[in-house]
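Residue numbering for the sequence shown follows my numbering, beginning at 340 and increasing consecutively.
A virtual CB, placed ideally from N, CA and C, is assigned to each residue, including glycine.
All values derive from a computational prediction rather than experimental measurement.
A short worksheet on the structure shown next.
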Amino acid sequence: SSSPQTTAGRGGMSLRDGGSYYSSCPLIMATQEPAESAEEPHTIREKLIQEAAAVVHPIGRQPTAAQLAEREGADVPASPLDEDAYGVGVMCIVQGFDIFTRAATNLTRCEGVFVIMFGMSILFANGVLQLFLIIFTRKFVLGGLAKDMRGTYNEFHEKAFDDTGDFNPAGWEAWDDDHRRTLCEFPLSVAVFFLSILLLWTMVIFGDLRACSKLVYDIFMLPTIAPQAALAVVCEDGRNIIQGMRTAPRWFIYLFVVLPKLFTAATTWWYGCRWLTSTALFADLILNSCALGFIVNVDEILHAAITPERVQIMVRRTSIYSKRLGDNSMAKGWKEVRILDYLTAYFYWAAGLLAAYLYVFHFQRVLPNWEWDVKQHCSEYRVTPEHWNHGVLPSFIRAAFDWVIG
Numbered sequence: 340s341s342s343p344q345t346t347a348g349r350g351g352m353s354l355r356d357g358g359s360y361y362s363s364c365p366l367i368m369a370t371q372e373p374a375e376s377a378e379e380p381h382t383i384r385e386k387l388i389q390e391a392a393a394v395v396h397p398i399g400r401q402p403t404a405a406q407l408a409e410r411e412g413a414d415v416p417a418s419p420l421d422e423d424a425y426g427v428g429v430m431c432i433v434q435g436f437d438i439f440t441r442a443a444t445n446l447t448r449c450e451g452v453f454v455i456m457f458g459m460s461i462l463f464a465n466g467v468l469q470l471f472l473i474i475f476t477r478k479f480v481l482g483g484l485a486k487d488m489r490g491t492y493n494e495f496h497e498k499a500f501d502d503t504g505d506f507n508p509a510g511w512e513a514w515d516d517d518h519r520r521t522l523c524e525f526p527l528s529v530a531v532f533f534l535s536i537l538l539l540w541t542m543v544i545f546g547d548l549r550a551c552s553k554l555v556y557d558i559f560m561l562p563t564i565a566p567q568a569a570l571a572v573v574c575e576d577g578r579n580i581i582q583g584m585r586t587a588p589r590w591f592i593y594l595f596v597v598l599p600k601l602f603t604a605a606t607t608w609w610y611g612c613r614w615l616t617s618t619a620l621f622a623d624l625i626l627n628s629c630a631l632g633f634i635v636n637v638d639e640i641l642h643a644a645i646t647p648e649r650v651q652i653m654v655r656r657t658s659i660y661s662k663r664l665g666d667n668s669m670a671k672g673w674k675e676v677r678i679l680d681y682l683t684a685y686f687y688w689a690a691g692l693l694a695a696y697l698y699v700f701h702f703q704r705v706l707p708n709w710e711w712d713v714k715q716h717c718s719e720y721r722v723t724p725e726h727w728n729h730g731v732l733p734s735f736i737r738a739a740f741d742w743v744i745g
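Okay, structure coming up:
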């Protein structure tokens with residue numbers, strides 16, 4: 340059999356760090372079973388695989404699903420890691436624990452610890468930056484904006500309404516024109532437009548939530564493997580496929596990747612909605628929407644800016660074995676229509692609309708006493724296209740536009 344320092348060619352097995360095996364697809368990690376045929380192998384690759392199998396798996400551990408899929412000639416169904424700080428964290432946790440657990444020397448163990456700490460540092464920097472931006476926005480931006488909006492709205496009720504609560508046109512006309520224009524550009528004064536902005540913002544957060552749920556499911560479904568077994572395998576084409584998991588790296592991913600991402604997504608959504616509601620001008624509403632996208636994309640910015648190129652390539656090539664993406668399932672999805680998959684899109688649309696609706700009509704605290712009494716007085720500040728009066732567009736389109744903008 341091969342010695343622990345032997346490295347096979349492109350098609351065979353390799354021994355790294357005193358017995359850490361990584362295989363080459365399409366036979367991911369040679370199975371631990373002896374060759375079924377007693378015949379002499381016909382190729383060098385077959386011989387190397389048989390020799391490596393005798394060394395790597397002396398205790399008869401059963402092959403994983405990923406190994407069986409490759410042995411049967413099928414592509415390994417795998418879900419790629421996200422190319423952001425969280426993806427770097429997952430890859431470094433898996434790689435670091437793999438090296439540390441299966442290392443033969445203290446130096447190699449230190450290398451594994453260094454890889455884990457690098458991934459944790461990326462996750463820490465991402466979390467600190469995002470939380471700092473959220474806290475800074477909450478403390479120095481939102482409070483002042485909300486206070487100004489409440490003051491303008493209260494002044495509107497003082498100037499434009501009499502003591503009985505009825506609208507006073509003369510008081511409205513006498514009120515300062517700049518204040519009237521500002522009031523008419525409050526996001527809540529055009530509910531349909533504002534709901535559309537909040538819906539898109541909610542969909543941005545849904546992207547992070549879906550990524551979290553996918554990662555949790557894939558990590559949870561990975562089989563728990565023996566302490567000396569490889570967590571990941573390396574294919575001939577350079578792909579790294581995470582095929583199994585142990586308790587420590589699994590919980591590290593849950594605690595330091597999934598939970599922070601969920602917390603950041605939920606917190607960013609709430610304060611993002613508050614920020615958008617506190618925006619006093621339509622033009623600033625669009626700009627603030629872009630600023631929120633900047634906060635959400637901090638993980639991608641860090642990945643592109645400071646992650647070493649080799650690590651970026653490794654993240655791009657690393658996937659998690661996922662049976663849900665198997666060839667049979669995907670083939671059936673083409674031949675047999677799975678209505679539930681398509682209905683999922685409508686579920687996300689409905690959930691996004693519901694979240695935006697509930698926030699605007701029940702949970703927003705920027706203007707808690709908002710009475711929806713501004714829109715009908717702002718027709719003079721709404722811009723209507725000149726060709727409206729020429730009958731160029733059908734009447735129902737003009738009516739819909741007038742309903743949206745008030």
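- Boundaries of the alpha helix (DSSP H) around THR606: 598-616.
- Membership of ALA568 in any alpha helix (DSSP H) is not indicated, and neither H nor E is assigned to it by DSSP.
- Counting only runs that start and end inside the stretch 615-659, the alpha helix (DSSP H) elements of at least 4 residues fall at 621-635, 637-645 and 648-656.
- For VAL429, the secondary structure class from DSSP, reduced to helix, strand or coil, is helix.
- Contact between the stretch 583-594 and the stretch 425-433 is present, with at least three C-beta pairs closer than 8 Å.
- Between the alpha carbons of ARG613 and PHE633 lies a gap of roughly 16 Å.
- If you draw a 10 Å sphere on the C-beta of LYS600, you find 16 or more other C-beta atoms in it, and that means buried.
- When the Cα atoms are used, ASP517 and PRO707 turn out to be separated by approximately 23 Å.
- In the displayed model, PHE506 falls within a strand according to three-state DSSP.
- With distances taken between CA atoms, ARG549 lies nearest to ALA684 out of ASP623, ARG520, ALA684 and ALA513.
- With a cut-off of 8 Å on Cβ pairs, the stretch 510-524 is not in contact with the stretch 533-549, counting fewer than three such pairs.
- With fewer than three CB-CB distances shorter than 8 Å, the stretch 637-647 does not count as touching the stretch 610-626.
- Collapsing the DSSP output to three states places ILE580 in a strand.
- Here the stretch 477-488 makes no contact with the stretch 578-589; the two share fewer than three CB pairs at distances below 8 Å.
- Taking a 10 Å sphere around the C-beta of GLN715, we find fewer than 16 other C-beta atoms and assign the residue as exposed.
- Where SER528 is concerned, there is no enclosing alpha helix (DSSP H), because DSSP gives it neither an H nor an E.
- Rounded to the nearest whole angstrom, the CA to CA distance from GLY691 to THR541 is 6 Å.
- Distance from the Cα of ALA424 is smallest, within the candidate group GLY451, ASP437, GLN469 and THR447, for GLN469.
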